[in-house]
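Have a look at the structure below before the remarks.
2 protein chains.
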Amino acid sequence: MKRVYNFSAGPSMLPLEVLEKAQAELLCYGDCGMSVMEMSHRTPEFEAILNDAEAALRKLLDVPQNYKILFLQGGASTQFASVPLNLLSEHKCADYIVSGQFSKKAYLEAKKYGDIAIAASSAGATPTFSTVPETKRSDFRPDADYVHMCFNNTIYGTKFHYIPDTGNIPLVADMSSCIISEPIDVSKFALIYAGAQKNVAPAGLTLVIVREDLVGNARPDTPAMLDYKEMVENNSMYNTPPCFAIYMAKLVFEWILSIGGLEEMKRRNEKKASLLYDYLDNQSYYTAPVDKKCRSMMNVVFVTGDAELDKKFAKEASAAGLKNLKGHRSVGGMRASIYNAMPYEGVEALVAFMKKFASENPKLDA
Amino acid sequence: MKRVYNFSAGPSMLPLEVLEKAQAELLCYGDCGMSVMEMSHRTPEFEAILNDAEAALRKLLDVPQNYKILFLQGGASTQFASVPLNLLSEHKCADYIVSGQFSKKAYLEAKKYGDIAIAASSAGATPTFSTVPETKRSDFRPDADYVHMCFNNTIYGTKFHYIPDTGNIPLVADMSSCIISEPIDVSKFALIYAGAQKNVAPAGLTLVIVREDLVGNARPDTPAMLDYKEMVENNSMYNTPPCFAIYMAKLVFEWILSIGGLEEMKRRNEKKASLLYDYLDNQSYYTAPVDKKCRSMMNVVFVTGDAELDKKFAKEASAAGLKNLKGHRSVGGMRASIYNAMPYEGVEALVAFMKKFASENPKLDA
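Here the protein sequences come in this chain order: A and B.
Position 192, counted from 1, in the first sequence is what my numbering calls 176; the numbers after and before it change by one each time, with no gaps.
Position 191, counted from 1, in the second sequence is what my numbering calls 175; the numbers after and before it change by one each time, with no gaps.
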């Protein structure tokens, strides 16, 4: 069976080498006579998998020793509640930067728990959220418990081109759609979280990287499973963790280390994104609506300007083995998600298809 | 590589046929050119998987039409909070039957949210929790919002031999370690939940079967991901669900349907449990400490009466390919978890080993 190029925004492609290794080990991991899926999380074999996964991620991102790494369930949407439940102090005040639908959802969820304000928003851009807000330190309330942002906006294809200066206020970032796509300076953030289903592993795993001093201050009525302290004290095993997804994450981390770590990953991702953006910038059939300075390296949005043509494009691309190129329903057009596991050849095939489609489908007003 | 008999309490064995099918499809599901792990949850292919999983479970358990089936994350431990957050009314009162460590944990978590009482407990049994409490309707407060129980107690090897009569009070049951092991009358319960990692699928999936009238009454500050209404309205896809675990659950459900449904599953499980309990009842080397009328069909606890011998047993059994027979650290001795996927031959091999071990290791005081 021929594998396709899958441009889905998430869940999304996994490295073929990783899938092949998982397949080979699916009935029997090492010499232990069982699948990772069947393995008690209390065995030395699984504890080694968990510890190896953590060590590999710590190495990849150069995570400082005063940060804990957690392997949780529930996705970023659960963190939308966990963050205020754990980080809001008694006076309960936090500021949100709204740069897309997910940061807006995070803001609305946090409002259940305290005095939450929008410090900056790019909702008013044309088209909406086609850029990220510029912020300065004075945009944030000095007594805010934290500032929340979403670093890469999957739906709109934008990414922060800068790290907001929040002074002493802890900065919290949802990095679901950009984590481990390039090096980041973890120490600039107080907490980073990410759903795994884009760059890390199959859906069902959430990474949390949290500075130690932020752990242990949850509201008393915080569900135990959402309390970072419980998760830290139990090394992510307060209950049975999503073992197989953690194993897959370990394989993905080790794959990145094997090719040269995040510097090499960034080089490959930049090369893929440049191929696509350079083509977009040098023709007039398609438009890339995103502010150039904050273009996402992971999610590339483009439109023909004609909804019917967009529809035809997605349909014919799919038939040609280029899957899931339809843009998010709130944006329309096309979106090519080119995460870590998308090979360069996939983007080459996409650009070739775009050229062919443009020549075969002249616009009526052209 | 030879596969072993894995008696782990969870995660635990999966049917070999299911693992083999998952392995064959791991790089390419059907003709879609990608793994289920890479598939967007918004595609028709994944929606079919989710719908098929739900339909198969509904058929297996004969779930009435006024019950919703949810595929969630976070394990039973998350439900320990979700249940009170969703089911407690304004006067906030619920009764718990405590029959083991997990029902006690559920009780302690619920106490964060209201007036929670222990209606009955078997903690005082000798050994502790070696039986389940007998209850009658008058044990429960008439104004309780619900009564909570754990139907099968994994650690202690007990199972309720009766369904508590709670009158009009909704009965909530944690069935993590016995769901789909035999037919149950779902209509006797208001809500059933179960972590998947014993009888259903790999860890990372939680089943919730909830009567419709209990949905939509969550506290305003309930995290959206713990609010049954959000999950029902979004067909378990408020955010990206644990797609691969749902796919595995579907394969397991279909495997049970293929062998004859839960009547046949029960027959096989009874046959396995009888083999082991009959042996235990007809010798004097090992003791089964559990009250006979509430013996679990899934988790069989036994001891030699000598901690050193118990340790030797688990070690030598492991070397003989009978894995994870060590009892829970709070109970000691041995525990053989013989869930749906454990073949009869595994229990035969265990009994043969028990006989051999007894003959080779005479007790000093015998």
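Idealized CB from N, CA, C, for every residue including glycine.
In this text, all values refer to a predicted model and were calculated from it rather than measured experimentally.
Item checked: Burial state of B/Thr110, where buried means 16 or more other Cβ atoms lie within 10 Å -> Around the CB of B/Thr110, fewer than 16 other CB atoms lie within 10 Å, so the residue is classed as exposed.
Next item on the list: Apply the 10 Å Cβ neighbour rule to A/Cys145 and answer buried if 16 or more other Cβ atoms are within range, or exposed otherwise.
Entry: The sequence as given places His at residue 145 of chain A; Cys does not occur at that position. By the 10 Å Cβ count, A/His145 comes out exposed.
Next item on the list: Using the Cα positions of B/Leu11 and B/Asp290, report the straight-line distance between them to the nearest angstrom.
Entry: Going by the C-alpha atoms only, they are around 49 Å apart.
Notebook entry, point to check: Going along the chain, which residues of its own chain have a beta-carbon closer than 8 Å to the beta-carbon of B/Asp127, five neighbours each way excluded?
Noted result: So the list reads His75 and Cys77, once near-sequence residues are dropped.
Margin query: Quick check on B/Asp205 - is its C-beta less than 8 Å from some C-beta in chain A?
Written below: Look at B/Asp205: its C-beta is under 8 Å from a C-beta on chain A.
Margin query: I need the DSSP call for B/Gly59, collapsed to helix, strand or coil.
Written below: Helix at B/Gly59.
Check: By Cβ distance, which residues of its chain are closer than 6 Å to A/Phe228, with the 5 residues on each side in sequence left out?
Finding: Excluding residues within five positions, the ones whose Cβ falls inside 6 Å are Val20 and Met21.
Item checked: Same chain, Cβ closer than 7 Å to B/Leu72, five either side skipped, listed in chain order -> Ala78, Tyr97, Gly98 and Asp129.
Margin query: I'd like to know if A/Cys162 contacts chain B, where contact means its C-beta is closer than 8 Å to some C-beta of that chain.
Written below: By this cut-off, A/Cys162 is not an interface position.
Item checked: Residues that B/Arg195 bridges to, as DSSP identifies them -> According to the DSSP secondary-structure assignment, B/Arg195 is paired through a beta bridge with B/Tyr51.
Check: Using the rule of at least 16 other Cβ atoms within 10 Å of the residue's Cβ for burial, across every protein chain shown, is A/Gly84 buried or exposed?
Finding: Buried, by the Cβ-count rule.
Next item on the list: Using a Cβ cut-off of 8 Å (strictly closer), state whether A/Asn253 contacts chain B.
Entry: So, not an interface residue.
Next item on the list: For A/Ala320, write down the residues that DSSP places opposite it in a beta bridge.
Entry: Paired residues: A/Val284.
Margin query: Quick check: A/Val67 and A/Val(-12), are their CB atoms within less than 8 Å of each other?
Written below: Not closer than 8 Å, so no.
Next item on the list: Could you check which residue in B/Lys307, B/Gly317, B/Arg251 and B/Ser343 has the C-alpha nearest to that of B/Lys(-14)?
Entry: Comparing Cα-Cα distances from B/Lys(-14) to each of B/Lys307, B/Gly317, B/Arg251 and B/Ser343, the minimum goes to B/Lys307.
Checklist line | B/Val(-12) at chain A interface by Cβ criterion, 8 Å | finding: Interface residue, yes.
Note to self: With distance defined between alpha-carbon atoms, name the residue in B/Gly317, B/Asn152 and B/Ser114 nearest to B/Ser280.
What the structure shows: Comparing Cα positions, the closest option is B/Ser114.
Check: Any idea if B/Ser165 is buried or exposed, counting beta-carbon neighbours within 10 angstroms, 16 or more meaning buried?
Finding: B/Ser165 comes out buried.
Check: In or out: A/Ile243 buried (at least 16 other Cβ within 10 Å) or exposed?
Finding: Within a 10 Å sphere around the beta-carbon of A/Ile243 sit fewer than 16 other beta-carbons, which makes this residue exposed.
Margin query: Check for me: the alpha helix (DSSP H) holding A/Ser105 runs from which residue to which?
Written below: Here A/Ser105 belongs to no alpha helix (DSSP H); instead the beta strand (DSSP E) covers Asp99 to Ser105.
Next item on the list: List the residues of chain B whose Cβ lies closer than 9 Å to the Cβ of A/His25, in chain order.
Entry: Taking a Cβ-Cβ threshold of 9 Å, the residues of chain B close to A/His25 are Gly(-6), Pro(-5), Gln181 and Ala187, in chain order.
Margin query: Comparing C-alpha positions only, which one of B/Gly317, B/Ala178 and B/Met338 sits nearest to B/Ala301?
Written below: Residue nearest to B/Ala301 within the set B/Gly317, B/Ala178 and B/Met338 is B/Met338 (criterion: CA-CA distance).
Checklist line | For A/Thr271: DSSP bridge partner residues | finding: According to DSSP, A/Thr271 shares a beta bridge with A/Val287.
Margin query: With H, G and I counted as helix, E and B as strand and the rest as coil, what does DSSP make of B/Gly356?
Written below: Because chain B is modelled from -15 through 350, residue 356 of chain B falls outside the range shown and cannot be assessed.
Margin query: Applying the 10 Å Cβ sphere with the 16-neighbour rule, what's the burial state of A/Asp197?
Written below: By the 10 Å Cβ count, A/Asp197 comes out exposed.
Notebook entry, point to check: For the segment 90 to 144 of chain B, which segments carrying the beta strand (DSSP E) assignment without a break, of at least 3 residues, lie completely within its bounds, in sequence order?
Noted result: Taken in chain order, the unbroken stretches of beta strand (DSSP E) that lie wholly in the segment 90 to 144 of chain B and span 3 residues or more are 99 to 105 and 131 to 134.
Checklist line | Cβ-Cβ separation, B/Asn70 to B/Asn219 (assumed contact under 8 Å), whole Å | finding: So it is not a contact: roughly 18 Å between Cβ atoms.
Next item on the list: Answer yes or no: does any C-beta atom of chain B fall closer than 8 Å to that of A/Pro28?
Entry: For A/Pro28, the answer is no, since every Cβ of chain B falls outside 8 Å of its Cβ.
Checklist line | Near-chain B residues of the segment 7 to 26 of chain A - C-beta to any C-beta below 7 Å | finding: The residues in question are Gln7, Leu10, Leu11, Cys12, Asp15, Gly17, Met18, Ser19, Met21, Glu22, Met23, Ser24 and His25.
Notebook entry, point to check: Roughly how many angstroms lie between the CA atoms of A/Leu3 and B/Ile102, to the nearest whole one?
Noted result: Inter-residue distance for A/Leu3 and B/Ile102 is about 48 Å (C-alpha atoms, whole angstroms).
Check: Closest to A/Asn152 by CA distance: which of A/Ile163, A/Ser105, A/Pro28 and A/Ser171 is it?
Finding: The shortest C-alpha separation from A/Asn152 is found at A/Ser171.
Notebook entry, point to check: Which one or two residues does DSSP pair with B/Ala155 in a beta bridge?
Noted result: First, the residue type needs correcting, since residue 155 of chain B is Leu and not Ala in the sequence shown. BP columns for B/Leu155 point to B/Val131.
Next item on the list: Can you tell me the Cβ-Cβ gap for A/Ala325 and A/Met(-3), rounded? I've got them flagged as a contact below 8 Å.
Entry: Sure, about 4 Å apart at Cβ, within 8 Å.
Margin query: Assuming A/Asn(-10) and B/Met215 are in contact, meaning their beta carbons sit under 8 Å apart, how far apart are those beta carbons, in whole angstroms?
Written below: Not really, about 27 Å apart at Cβ, beyond 8 Å.
Check: Shortest alpha-carbon distance to B/Met46 belongs to which of B/Met318, B/Asn35, B/Gly245 and B/Gly330?
Finding: Just to set this straight, residue 46 of chain B is Asp in the shown sequence, not Met. Among B/Met318, B/Asn35, B/Gly245 and B/Gly330, the Cα nearest to that of B/Asp46 belongs to B/Gly245.
Next item on the list: Taking only beta carbons into account, state which residues of the segment 46 to 59 of chain A come closer than 7 Å to chain B, listed in chain order.
Entry: Here the close residues are Gln57, Gly58 and Gly59.
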